[in-house]
Every structure is written in structure tokens, then in C-alpha cells.
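Q: Residue numbers (the working numbering), protein chains in the order written: chain A, 1 to 209; chain B, 1001 to 1209; chain C, 2001 to 2209; chain D, 3001 to 3209. Note that beta-carbon positions come from the ideal geometry of N, C-alpha and C, so glycine has one too. Structure below; questions to follow.
There are 4 protein chains.
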Amino acid sequence: MSSDKRRIIVPKQKRSEETRAKILAAGVDLFSRDGFHSTTSKKIARHAGISIGSFYNHFEDKRNLLIEIHRIHASKVHDMIGDALKIESLGSPGPGGSNIGRDIVEQSLKLHDFSPELHREITALAYSDPQFSEMSRREEERVVELMVGLLERHRDQLRVDDLEAAARVVVHAAEEVVHSIKIFGAPIEEKRLTDALGDMLFRFLYKDS
Amino acid sequence: MSSDKRRIIVPKQKRSEETRAKILAAGVDLFSRDGFHSTTSKKIARHAGISIGSFYNHFEDKRNLLIEIHRIHASKVHDMIGDALKIESLGSPGPGGSNIGRDIVEQSLKLHDFSPELHREITALAYSDPQFSEMSRREEERVVELMVGLLERHRDQLRVDDLEAAARVVVHAAEEVVHSIKIFGAPIEEKRLTDALGDMLFRFLYKDS
Amino acid sequence: MSSDKRRIIVPKQKRSEETRAKILAAGVDLFSRDGFHSTTSKKIARHAGISIGSFYNHFEDKRNLLIEIHRIHASKVHDMIGDALKIESLGSPGPGGSNIGRDIVEQSLKLHDFSPELHREITALAYSDPQFSEMSRREEERVVELMVGLLERHRDQLRVDDLEAAARVVVHAAEEVVHSIKIFGAPIEEKRLTDALGDMLFRFLYKDS
Amino acid sequence: MSSDKRRIIVPKQKRSEETRAKILAAGVDLFSRDGFHSTTSKKIARHAGISIGSFYNHFEDKRNLLIEIHRIHASKVHDMIGDALKIESLGSPGPGGSNIGRDIVEQSLKLHDFSPELHREITALAYSDPQFSEMSRREEERVVELMVGLLERHRDQLRVDDLEAAARVVVHAAEEVVHSIKIFGAPIEEKRLTDALGDMLFRFLYKDS
DNA sequence: TATGAATGAGCATTCATTCAT
DNA sequence: GATGAATGAATGCTCATTCAT
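Here's what the structure looks like:
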């Protein structure tokens, strides 16, 4: 009762693994540069320097390549977020000192320096394609979890009760403002936006500011 | 002698105007339901009950149909925003009373009840297509302007100095949270999110609350 | 037993005649500029400043418009040829004096100053379309007739016996050399070509020169 | 990484080479029979017994197929001309003997027995399409070169000074008369035309005839 | 495993022509 | 006679995918 489906290679040999890596790299390049819809599987194969047949040996189709790229990308981003939010940044909170608000903004900006074009493309697909929508949602859940963890560690300094709702709102606000800067090009000086955002998050989260 | 360029119909006859309306309606239906890329010009014509030739008499192509739809949609939304932000909502501010934060959230939610699917699709294109990116940006600028106007009218009650930066941050935060509710389906109870958002905006904007 | 065919207007009213003239003029312009295949009936109507419906009231289709244009053009050219070949140019033949060879070349060049672009387009169609081939042939026959007449008038000075064959060869040679100058752009100085051509025709036709 | 540009197959496999040959053959057939404009890429594919996709794998488009056909055709014709003009035909010149005039006519006729229909179609395009115009011109230049070479080899017997101008006039005259015979169908007996043409060329070129 | 030629459904778009007003 | 919106068959071309080598 074996599946009729095309058999996708699970690379075991070194050569095969290299081919797979080349395809992934080409996919990142082209999806970032031209977008998903303008990137054809032939172009990917050519850009990767392999044959179209080989492409289909390694990935079911274009869509699945992007999903795999997304998976890898997301896990890298997730690790970066994990690292970032581990930082115990809240020694002396307040406008003058360090605070979560400012730190979140800083880390968000940093995260978007990593492949903003790919991020843009995946965000586009999250808005137009249910499967990518679902993937983005799962990714977001993991980020929210980390954010909740961060907030919990500073609970005593915070004024918010519903940490999960707060975490979500914070993540969304940061995400969108950073998009307006990194993806669409800040319409006013970046610093004014990031200061306002940092200020907003700080005031929202912190007791007696 | 006059120009030989392809001429798009500028409706003079009643029948022509009706056809144009049918195409616009069909475009809204299909772009909302299936997305831009899965909607073909043939499908639009069939859905509108007209011929493919007629479609091309009225619109240069699929893309220009969506642009026109967007224009119409945007101006409706803009009017709604204008009306909404005119409301002098700030009798007795504070967690218990009415306040801008809560009002902005409410109005944002209301706005997204109007054709959320189309809004989703256009947002997707704003992320993937430079022309739509530019259109969305212009639209956003007009919203920011209205928001700055609103803030200015309540300046004495507000703690923020940089009204434009504040306006932008507020608009982005509200937009994204509302998208997570109306477009992607709230992952937790809507009220928890909107309360947190309203609270955040309020704390950010208001003096010593 | 009237024909089912679309009834084409035979202009009686002044307005109608003007419309017809406008269409003919527009046809000449566009066929000359863009060629037959790139000229659409809509463009013709627009260029003429009339409606597409009116175009079809006056001409069966694009093809028949060109045929009519050709007819008018050909009769003008024919008149010009008639005038040209009437000239009794052979006072003192010889390389130094006037001679038929040189005159034919001169007149051929002059003829091709009249709408060379249209001539080019019609020649193209003569090569690719049987109906135009036939029309060109008829036109050619009339030119050959005139040429035979000219030769007959100078028979005593000529060495050729088969006047018709001579006429045809002369017409073809002149036509093609002039095309290479007027239509394709002379690859060497025009004078060298026309001198050679005139010389060739002269030597061919004249007795012991 | 290599270029992403659309790549036209450069045949490596035998099957590919066969397909290419089939397309070329089908192109010759259909362009000759129906002309360029009436031949669609679908018809070519069907006639060649291959898929439309395969057609586009091998040729950029219909136009480029004809260009390639022309290139092949032109080089064959050029070889034939080269062979023909090598003939040292001028033993005892004169109306009774062999002479260049008669030889040129003979060879021109022979050349046009090879695919006259294709020649007709390409001539049509030379009149209507700048790119084909340019191609025909280049081809003509090569023929003129060969003709100049021939004339040079018999210079002492010739009366003409400007060999290049003479060569061009000769080529044009022969070309057009032969077209009137082979392409349009001689309106009078072929022999009368060829005799007149041969006579004209002979009298033009030769000393004291 | 890798290759790349072959496939053909499907899409955007054009344009000659009709006909109701 | 004039108008121009409507029509839809037809065309050029793309691209995801298959499969024989």
C-alpha cells in the first residue's frame, strides 16, 4: 500500500545534499528578488545551476520549496528572538534607562535586517494564501509564547494583567511599525517612529512610569 | 487628427455605465473570494455576464480593474474614517469613561467590517507589488493626516509631543491588531485583544491617567 | 433578389463624401506609416475622426479600403506616367544628349517621390497576397502598354525588335533599381546607380550608339 | 550562478535535434504555402507533429523561426551563386556564343527554382518589415560582391568602368525580371523575356558588341 | 540520482465586425 | 447616415510538471 506520490529525495549522499542546498539558496535569492509569483521553477533550477528534473526530485513543487525555506528561516528567526528575549535588560527601567519597550523595538529592528525581502514576500503570502497564513500564525504563536515568558519574568514591574493579550498587542504593534520602516521605507525619520513605539510599549507595560 | 492610442471607454451611454458597474462588482467578488492571482479576466467577464472583449473595452487589464476598485474602496473607507474621527469622543477620559484609545479601536474594527476580504487581498498586494505598495502608502498618509488632526484637537489632554510619529505608531498598531482579528481570526477572545490595544493607546497618548 | 451583403454607402450627400475622404486619407497615413497588418480598423476610424460604425458604412473592410486607396493611387501614378512618357525627349540621342534611357530613369525616380511608403506597402502585399498581386499585375500591364507606345514612337532609332519584351525588361529594371534607392536607401551614391541604369537602358535600346 | 534568461535549446540530444529539424521543415512548408501572417505557431507545431510548448523551447517565436529559416536558405542560395559565378563562361562572347549576360540570366532562373515560394514570402517581408529589410540587404551585398568579382575577372572585355554600380544594376534587373517569371508567372513567353534581359545585360557590359 | 526535451492546459489580449440607439 | 458598446473566436505565449535516457 505504498503511496503513488512522486518520491521526494531525502538526501543521504553528499552530492544530493549539496544539490538540495543549492536549490534552497536559489529559492531564497529569487523569491526575495522577484517574488513568489514571478519566480518559475525553471528559473530556480537555472539559478541553482542544476536541472529542472533535479529540482522536482528534491521538492514537490515551487510552493513546497518556499514552505521549506520559510521553515528554515522561521527557525533561525525564532532562535534569534529566543536569544534576544533572554536578555535581562531591565536593570533600571525608565525613560532614561534601559527598558523592555526599547529593547523589544531594538530587537525587532535587528530581526528584520535578516532577509527583509524574504520576510516581505512571506508576509504577502500570509495575506493571500491560507496555507501560508497558517504557517505564519504558528510562527507568531511561538513568538507570542516567548514574549509572554519575557513578560512573566518581569511581571512585578509591569502594570498589565493579561500577559498574553499584552504580548500579542506588543508583538503586532512592533511588527507593523518595523515593517513600515524596513519593508516600506520609513516615511519620517526612523528615530521618531522607534522612539514613539518604544515609548508606547513602555507606558503600556510598566507600572507607574 | 486625434491620438491613435487604445481608448478605454469613458461611459456616455447608459448601457456602458451598467457594464462598467457589472465588471467592478464582479471584480470585487472574485478578487475577494479567490485573490488576484487566481482570478482570470475570463472569469471576471463570465461572472459579470459580459464578454471578454467588453471587459477590455472598459479596463486596460486585470490590474487596472483592481486599481480602480481600490480607488473606489479607499475613498469610501477614507470617508468613513473622516466621519469616525470627527466624533468628539473625549468627555471624561479615563479607563472608565470614553477615550481616544478605545474609540480608535472601535472605529478600526468597524472599518474592517467593510469588505475585509478585499482589504486582505489589497494588503497582500501591497506587500508584493510596488505599485500597490505605493497606493497603500498614499492611503496611509491620508489616514495619518486625519489622525494627526484628531490628536491636535485633543493636544491639551495628551502627553505625546511628536504628534505625527504618535499618529503613525497608533495607526500601525491598531491596523495590525485589527488584522489579526478580522483577517486572520482572533487566536484569543477578541475582547482581550481590543482591551489591551485600547489600553495601550490610551496610556501612550494621555497625560497622567 | 437583392444581395444580402452589407450595403456600402455610395456617397451622395456632401457630409457622406467628406467622411469617405477622411477615411481614405487616414488609411493612406496609417498604411504608409505602420503597414497594413499593424493598422486596425479602429485606428483608422479614430485617426479619421469618425466612428468605427461609420467606417464600416463606407468600406466593406480594411482590405477594401486599401484596394480603393490603391486604385486611386494607381490612377494618379498612371496619369503621371502617361504625361511623362508623352514627352518627345529624343532629339539628339547619345551619352551627351538626352535619351530615352536617361528619361525613363528620371521619370521613374520622380514617380517614386509620390508616396513611396504607400508604394512600399503595396509592393509588399503584391508579394504576399494574390489579390494584390493581381492588382499590381494589371497596373504593370498598363505601364508596359505605355512603354511599348513610347518605344514604338522611336522605333527607327532603336535596335530592339521585340518591343513588348524590351518594354517589360526596361520597366522591371528601372523599377527595381529605383526601389533600391527610394525604398531601401541607396547603398552607394544614387548617381552611380542611376548613371549605370540609364546607360544600360540606352545601350540596350538604341542602335549603334 | 548563471543567467536566468529564457534559454533556447541548443540541441545536445538527438531527439532535440530532430524536433528542431521538424519545426524548421514545417516552417518552410507553411510560410511558403500560407505566408508569414497566416501561419500561426500552433499550426506550425501541429504540422511538425510536436507540441506548442516544444516549439517555444526551440524558437523564441514565429519571427525568429523565419529568421533562422532565412539564414539557412540564404546560405544555401549564396553557395549556389558562388558556384554559378565561378564558371568561366566567356570563351567566345557574342550573341551566338556564350556570354556573361546570358549566364547571369540562366543562373538567376536556376536559383529561383529553389523554393520560390519561400523567396516570395521573404521578399514580401523585406518590403514590410525593417528587420527583414536589413537581412535582405545584407544578403544582397554578398551577391553584389560576388558579381563584382565576376566582372573583375572579365574586366578587359567589358566596357563599364564603375563595376560596383554595374553589378548592382545587373543584379536588380535580373532579380526583378526573374521574379516576374518565377513568382508572378510570366505574362509573355519566358524566352522573350530572358532573351531581352540577356541581351540587355550583354550590351550593357560588353565592349563593342 | 541527474538530465532536459516534451507536453498542453491555460492565460492575457486583440481585433474585425455587428447592431441597437 | 452616424455612433460606439458589445461580441468572441483566435493568437501568441507561459509554465508546472512528466518521463525517457
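Please identify, using Cβ separations under 7 Å, the residues of the region 2033-2067 of chain C that lie next to chain D, in order along the chain.
A: Of all residues in the region 2033-2067 of chain C, Gly2035, His2037 have a Cβ within less than 7 Å of some Cβ in chain D.
Q: Should Arg3020/D be labelled buried (16 or more other beta-carbon atoms within 10 Å of its own) or exposed?
A: Position 20 of the fourth sequence, counted from the first residue, corresponds to residue 3020/D. When all chains shown are included, Arg3020/D counts as buried.
Q: Among residues of its own chain, excluding the 5 on either side of Glu2117/C, which ones have a beta-carbon nearer than 6 Å to its beta-carbon?
A: Residue mapping note: residue 2117/C aligns to position 117 of the third sequence, counting from 1. Answer for Glu2117/C: Ser2032, listed in chain order.
Q: Rounded C-beta distance between Leu2111/C and Ile2069/C? I'm assuming under 8 Å.
A: Position 111 of the third sequence, counted from the start, is the residue given in the question as residue 2111/C. Position 69 of the third sequence, counted from the start, is the residue given in the question as residue 2069/C. So it is not a contact: roughly 17 Å between Cβ atoms.
Q: Take every Cβ of the region 3162-3169 of chain D, pair it with every Cβ of the region 2154-2165 of chain C, and state whether three or more of those distances are shorter than 8 Å.
A: No: the two stretches stay apart, fewer than three of their Cβ pairs being nearer than 8 Å.
Q: Could you tell me the distance, in whole angstroms, from the CA atom of Phe3202/D to the CA atom of Glu3175/D?
A: Counting from one through the fourth sequence, the residue named residue 3202/D turns up at place 202. Counting from one through the fourth sequence, the residue named residue 3175/D turns up at place 175. Whole-angstrom Cα-Cα distance: 16 Å.
Q: Given this structure, state the Cα-to-Cα distance separating Leu2090/C from Phe3114/D, to the nearest angstrom.
A: Walking along the third sequence from the start, residue 2090/C turns up at place 90. Walking along the fourth sequence from the start, residue 3114/D turns up at place 114. Here the model assigns Leu2090/C a pLDDT of 46, short of 50, so the residue's position is not dependable and the matter cannot be decided.
Q: Quick one: is Ser2108/C near chain D, going by C-beta distance under 9 Å?
A: What you label residue 2108/C is simply residue 108 of the third sequence in a count that begins at 1. Ser2108/C does not count as touching chain D.
Q: Is the region 3186-3203 of chain D touching the region 2186-2197 of chain C in the sense that three or more CB pairs, one from each, lie closer than 8 Å?
A: Judged by Cβ distances under 8 Å, the region 2186-2197 of chain C makes no contact with the region 3186-3203 of chain D, as fewer than three pairs qualify.
Q: Quick check: His172/A and Ser1180/B, are their CB atoms within less than 9 Å of each other?
A: Here residue 172/A refers to the residue found at position 172 when the first sequence is read from its first residue. Here residue 1180/B refers to the residue found at position 180 when the second sequence is read from its first residue. Cβ distance < 9 Å, so His172/A and Ser1180/B count as in contact.
Q: Hey, out of Phe1204/B, Gly1101/B, Ile1072/B, whose CA is closest to Glu1139/B's CA?
A: To locate residue 1139/B, count along the second sequence from 1; it is residue 139. Here the closest residue by C-alpha is Ile1072/B.
Q: With distances taken from CA atoms, which of Ser2054/C, Ile2050/C, His2078/C, Glu2017/C is nearest Glu2141/C?
A: One-based indexing of the third sequence puts residue 2141/C at position 141. Residue His2078/C is the option with its Cα nearest to Glu2141/C.
Q: Please return the same chain residues whose Cβ sits closer than 6 Å to the Cβ of Asn57/A, not counting the five positions on each side in sequence.
A: As a first step, residue 57/A is located in the first sequence; it is residue number 57 there, counting from the start. Closer than 6 Å at the Cβ level, and outside the excluded window around Asn57/A, lie Ile9.
Q: Output, in chain order, the set of chain A residues within a Cβ distance shorter than 9 Å of Leu1151/B.
A: Mapped onto the second sequence, residue 1151/B falls at position 151. Neighbours of Leu1151/B on chain A: none; closest Cβ ~12 Å, over 9 Å.
Q: Just the Cα atoms here: how many angstroms apart are Asp1129/B and Met1135/B?
A: Position 129 of the second sequence, counted from the start, is the residue given in the question as residue 1129/B. Position 135 of the second sequence, counted from the start, is the residue given in the question as residue 1135/B. Their Cα atoms are separated by approximately 10 Å.
Q: In angstroms, rounded to a whole number, what distance separates the CA positions of Ile2050/C and Ser1051/B?
A: Numbered from its first residue, the third sequence carries residue 2050/C at position 50. Numbered from its first residue, the second sequence carries residue 1051/B at position 51. C-alpha separation (whole angstroms): 25 Å.
Q: What residues of chain A sit near Phe1031/B, judged by a beta carbon separation below 9 Å?
A: Locating residue 1031/B in the second sequence gives position 31, where the first residue counts as 1. The premise fails here: Phe1031/B is roughly 10 Å from chain A at the closest Cβ pair, so nothing lies under 9 Å.
Q: Against chain B, does Glu176/A count as a neighbour if the rule is that its beta carbon must be under 9 Å from one of theirs?
A: Counted from its first residue, the first sequence places residue 176/A at position 176. Answer yes: the Cβ-Cβ gap between Glu176/A and chain B drops below 9 Å somewhere.
Q: List the residues of chain B that Ser133/A touches, going by C-beta distances under 8 Å, in chain order.
A: Translated into positions along the first sequence, residue 133/A becomes position 133. Here the neighbours are Phe1184.
Q: Just the chain B side, please: which residues come within less than 8 Å of Ile188/A by C-beta, in chain order?
A: Numbered from 1 along the first sequence, position 188 holds the residue referred to as residue 188/A. Near Ile188/A (Cβ distances below 8 Å), the residues of chain B are Glu1164, Ala1165, Arg1168.
Q: Residues in its own chain within less than 6 Å of Met2147/C by CB, not counting five upstream and five downstream?
A: For the purposes of this step, residue 2147/C is taken as residue 147 along the third sequence, with counting starting at 1. Around Met2147/C: Ala2167, Val2171.
Q: In whole angstroms, give me the CA-to-CA distance for Tyr2206/C and Thr2040/C.
A: On the third sequence, residue 2206/C is found 206 positions in, with the first residue counted as 1. On the third sequence, residue 2040/C is found 40 positions in, with the first residue counted as 1. Roughly 49 Å between the two C-alpha positions.
Q: Beta carbons nearer than 7 Å to chain B: which residues of the region 66-80 of chain A have them?
A: Within the region 66-80 of chain A, no residue qualifies.
Q: Strictly below 7 Å CB to CB, what residues from chain A border Leu1197/B?
A: For the purposes of this step, residue 1197/B is taken as the residue at position 197 of the second sequence. Simply Val169.
Q: Quick one: give me the first and last residue of the alpha helix (DSSP H) that Gly3027/D is part of.
A: Mapped onto the fourth sequence, residue 3027/D falls at position 27. Gly3027/D -> alpha helix (DSSP H) spans 3014-3034.
Q: List the DSSP bridge partners of Tyr1206/B.
A: As a first step, residue 1206/B is located in the second sequence; it is residue number 206 there, counting from the start. Looking at the DSSP assignment, Tyr1206/B forms a beta bridge with Leu1158/B.
Q: Measuring only the C-alpha atoms, how far is Glu2121/C from Gly2027/C?
A: Numbered from 1 along the third sequence, position 121 holds the residue referred to as residue 2121/C. Numbered from 1 along the third sequence, position 27 holds the residue referred to as residue 2027/C. The straight-line gap from Cα to Cα measures roughly 12 Å.
Q: State the Cα-Cα distance for the pair Gly1035/B and Gln3131/D, rounded to the nearest angstrom.
A: Here residue 1035/B is taken as the residue at index 35 of the second sequence, counted from 1. Here residue 3131/D is taken as the residue at index 131 of the fourth sequence, counted from 1. Those two C-alpha atoms are separated by around 42 Å.
Q: List the endpoints of the continuous alpha helix (DSSP H) containing Arg2142/C.
A: Stepping through the third sequence from its first residue, residue 2142/C is reached at position 142. Per DSSP, Arg2142/C belongs to the alpha helix (DSSP H) from 2130-2153.
Q: Are the C-beta of Leu125/A and some C-beta of chain B separated by less than 9 Å?
A: Taking the first sequence and counting its residues from 1, one reaches residue 125/A at position 125. Yes, Leu125/A counts as interfacial toward chain B.
Q: Quick one: what does DSSP say Val227/A is sitting in, helix, strand or coil?
A: A query on residue 227/A cannot be resolved here, the shown segment of chain A reaching from 1 to 209 and no further.
Q: Identify the continuous alpha helix (DSSP H) that holds Glu1106/B and give its terminal residues.
A: Position 106 of the second sequence, counting from 1, holds the residue named residue 1106/B. 1100-1111 is the extent of the alpha helix (DSSP H) around Glu1106/B.
Q: In its own chain, which residues sit with a C-beta less than 7 Å from the C-beta of Gly2096/C, not counting the 5 before and 5 after it?
A: Taking the first residue of the third sequence as position 1, residue 2096/C is located at position 96. Note that Gly2096/C scores a pLDDT of 47, beneath 50, so its modelled location is shaky; the value from the coordinates is reported in the next line. Here the set comprises nothing.
Q: If you count every other CB in all the chains shown that lies within 10 Å of the CB of Gln2013/C, and 16 or more means buried, which is it?
A: Along the third sequence, one-based indexing puts residue 2013/C at 13. Per the 10 Å Cβ criterion, exposed.
Q: Note down the Cα distance separating Arg1155/B from Ala1186/B, rounded to an integer number of angstroms.
A: Position 155 of the second sequence holds residue 1155/B. Position 186 of the second sequence holds residue 1186/B. Spanning the two alpha carbons is a distance of roughly 33 Å.
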